[in-house]
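Which chain is which? The protein sequence lines are C and H, in order. Just so we're aligned: 483 in my numbering is position 503 of the first sequence, and the numbers increase by one with no gaps anywhere. Each number in my numbering comes from the position in the second sequence (counting from 1) with 2 added on. All residues carry an ideal CB built from backbone N, CA and C; glycine is no exception. All of these numbers come straight from a predicted model, not from anything done at the bench.
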Amino acid sequence: MNGVSFSLSLIGQAEVSSQLGGVAIVVLVIYLVMLLTLGVVAWRRGRTTEEDYYLAGRSQGFIVTVMTIMATFFSSAAILGVPGNVYKEGVAFMLFALNLPCAGACIYLFGARIRRIGQKRGYVTQGDMIADYYGDSAGLRMLVAVVGFLYVLPYVIMQIKAGGHLAQGLFPGAAEAFEQGAMALSLVTIIYVLIGGMRSVAWTDVLQGFLLIAGMLIAAVATIVTLGGFGGFFEKVREIDPQGLALPGPSGVYSPWKMLTICVFASIGSLVQPAQWMRLYAAKSDRVLKRSALVFSIVLPACFLFGIMLVALAGRALYPPEMIDGVLTAHPHVGEFDQIVVVMVKEQLPQMLGLFGVVLVAILLVAVLAASMSTADSNLHALSAVVTRDVYDRFVRPSASENERAWVGRFTIIGATLLALWMVRAGHENADFAPLKMIVNLMFAAIGFSCQLLPVTLDMLFIRRGTRAGIMAGMIAGIAVVFLFTPFPDLLFGRDGATPVADSVAPLRSLFDIGFTGFVVNAAVFALVSAFTRRLDPERTKKLALDMDVSSPE
Amino acid sequence: MSQRSLSRLLFAIFLVALIMGPGPGIYLINPDPENAEARRFVLGVPIVYAWAVFWLGVQAACVAVAYRRLWRELPKLNSGKSDQ
Chain C
-19 MNGVSFSLSL
-9 IGQAEVSSQL
1 GGVAIVVLVI
11 YLVMLLTLGV
21 VAWRRGRTTE
31 EDYYLAGRSQ
41 GFIVTVMTIM
51 ATFFSSAAIL
61 GVPGNVYKEG
71 VAFMLFALNL
81 PCAGACIYLF
91 GARIRRIGQK
101 RGYVTQGDMI
111 ADYYGDSAGL
121 RMLVAVVGFL
131 YVLPYVIMQI
141 KAGGHLAQGL
151 FPGAAEAFEQ
161 GAMALSLVTI
171 IYVLIGGMRS
181 VAWTDVLQGF
191 LLIAGMLIAA
201 VATIVTLGGF
211 GGFFEKVREI
221 DPQGLALPGP
231 SGVYSPWKML
241 TICVFASIGS
251 LVQPAQWMRL
261 YAAKSDRVLK
271 RSALVFSIVL
281 PACFLFGIML
291 VALAGRALYP
301 PEMIDGVLTA
311 HPHVGEFDQI
321 VVVMVKEQLP
331 QMLGLFGVVL
341 VAILLVAVLA
351 ASMSTADSNL
361 HALSAVVTRD
371 VYDRFVRPSA
381 SENERAWVGR
391 FTIIGATLLA
401 LWMVRAGHEN
411 ADFAPLKMIV
421 NLMFAAIGFS
431 CQLLPVTLDM
441 LFIRRGTRAG
451 IMAGMIAGIA
461 VVFLFTPFPD
471 LLFGRDGATP
481 VADSVAPLRS
491 LFDIGFTGFV
501 VNAAVFALVS
511 AFTRRLDPER
521 TKKLALDMDV
531 SSPE
Chain H
3 MSQRSLSRLL
13 FAIFLVALIM
23 GPGPGIYLIN
33 PDPENAEARR
43 FVLGVPIVYA
53 WAVFWLGVQA
63 ACVAVAYRRL
73 WRELPKLNSG
83 KSDQ
């Protein structure tokens, strides 16, 4: 590009940015007003019982159930983090989309049993079911609550971080756009979760789910059209370097074994996390879960493979990442890997469609916001249930009134958001702080923790051979293993202090998914300890199995 | 075909799709980045991408068949029927 055209391009971009800023504010205000209206309507429709606040009266139909499960699954990781990693690693990471049918099938295979027993016995959190199955104990409830917290915190951090990235993309010249965007996302999310509970979260998830499905597909259509149709698109893709067109990708990270373990364990781990578990309880019937499983298995992978991943692939061809001092770095025009979708839609659509393109960009960027908010709200809502029912109600003040518990839940939501906001700010101020740098790293860390609920889930639903001591020992071992693979050692011991830990787990980290590694240790310890500790009462296990409406083991 | 046989068959096909798609089966088509002659595209599309789309289709078909033929809907709780 010569100097004159480069200057014209910069002037054009400045005009687009200024137009986009105004249009984006209008679209954003309309979206936020709709969200808050839905929140208020849901609050007015609801009753004041705890079950209604946390599970919407167990009456959610097909559309609300499938959209809330998908929107909770589709976080900022889906619309920023995963494309960011496709941009970084090329086609190797596109295989990640094959995890979704696994999760989809489990919506029915796990969900139907969880829903039946949840409705029969009045469970609200997963801790309720686990404690009822293995016998209530402070340790077990606390352990399940800790796993929930370890999942929710990184997930909320990444949503807030995405709000900051989005504000940066929308208002590039604004001072402290990142901080203000992160705070705005946190504030609006807190407000509608606090007022409306599950019904509000689920209803807003419907709006957000439709927005982000449309956003993922429209972004791909726009990118393909801009590059001259499918022919032009794949012609451009031919320019990608050979490493970007094969496994294990340019960083050498994604070997087939790692992708396989990610596809199995990241997907199922995401489904047994606290917020999704509560959505399974809240479904009205088996039919609702069965239809949700089918739609999830087809629509979500399509949104990835035929949608947002293609945008990132074109981004890799247009703005190839660079190797600087042995470190793969995003193209200077893109800035950070996670920004690729924002950069692509912001630059391509207005050039192609003029003002309509600007409006479309604003809607697409709001879809990014929707993805972040729909996951943050679900996780904060679930965390408040876990803290209130599994911790406060059991161990702090068992005699607390429903009103008091509601306030504890609200303070939990506010406290967790502030903690996540502080961590996002700390990570943003220290540009070298790698653990919080890429959204997808946070996603795998969070899912790694929730995978530690998988052995207990499989045992309760299908195997029914475990003991309370076994499940507790397994979970502790699994959490400890996952902990070593996450950014937490860096946070606790500093980078130098954590180096020996990082070095020792590096070979396993390069071979397998974090959650899978923890799962293997967890399941082995669980089986071993269960073999040498007192079995559960068979009569009791049989009754529980009947409440899931399945045959008890012989 | 009995429900149990169909269930086993679908599970086996789904497992094969996982092993072949994102798993080690991809070595069958994965182009060597060092080899300039390696086949990186099929019908103009990156071969790894085409591979992913194919196996995704197999997975989705398994779920669709299970939805139509295997997954039951209990009319009410504790009807006493087996879920297997």
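Just so you know, the alpha carbons of Y67 (chain C) and E382 (chain C) end up roughly 49 Å apart. The DSSP-derived three-state label of Q40 (chain C) is strand. Exclusion of the five residues before and after T169 (chain C) leaves M353, A356, D357 as the residues of its chain whose Cβ lies within less than 6 Å of its Cβ. Residues are counted here when their Cβ sits less than 9 Å from a Cβ of chain C; for the stretch 10 to 28 of chain H these are F16, A19, L20, I21, G23, P24, G25, P26, G27, I28, given in chain order.
Here the C-alpha atom of G25 (chain H) lies approximately 14 Å from the C-alpha atom of V55 (chain H).
In the DSSP secondary-structure assignment, T309 (chain C) is bridged to C:E302.
Inter-segment contact for the stretch 252 to 265 of chain C and the stretch 43 to 53 of chain C is present: three or more beta-carbon pairs are separated by less than 8 Å. The contact set of R41 (chain H) on chain C, defined by CB atoms closer than 9 Å, is empty, because the minimum CB distance reaches about 10 Å. A check of alpha carbon separations from G287 (chain C) across C:I198, C:L399, C:V366, C:A246 identifies C:I198 as the nearest.
Counting the other CB atoms within 10 Å of its CB gives L17 (chain H) a total below 16, which places it among the exposed residues. Shown here, P24 (chain H) sits in coil according to DSSP, grouped into three states, outside any helix or strand. Our two residues, V501 (chain C) and P281 (chain C), have alpha carbons roughly 30 Å apart in a direct line.
Close partners of L274 (chain C) in chain H (Cβ separation under 7 Å): V65, A66, Y69. Around the Cβ of M289 (chain C), a 10 Å sphere holds 16 or more other Cβ atoms; the residue is buried.
Here H145 (chain C) is buried. Its C-beta has 16 or more other C-beta atoms within 10 Å. Residue pairing by DSSP puts P48 (chain H) in a beta bridge opposite H:F43. Residues of chain C whose Cβ lies closer than 9 Å to the Cβ of Q5 (chain H) do not exist; the shortest such Cβ separation is about 14 Å. DSSP places A263 (chain C) in the strand class (E or B) of the three-state scheme. At a C-beta separation below 7 Å, G161 (chain C) has no neighbours in chain H, since its nearest C-beta there lies roughly 33 Å away. In summary, no residue of the stretch 52 to 68 of chain C has a CB separated from any CB of chain H by less than 9 Å.
Around L58 (chain H), the beta-carbon contacts reaching into chain C at under 8 Å are A77, L78, P81, P281, L285.
Distance check between R405 (chain C) and each of C:M138, C:S55, C:L12 places C:M138 closest, using alpha-carbon atoms only.
Around the beta-carbon of V291 (chain C), 16 or more other beta-carbon atoms lie within 10 Å, marking it buried. Taking the Cα positions, L72 (chain H) is about 13 Å away from R267 (chain C).
Secondary structure note for S247 (chain C): its alpha helix (DSSP H) is the uninterrupted segment 247 to 251.
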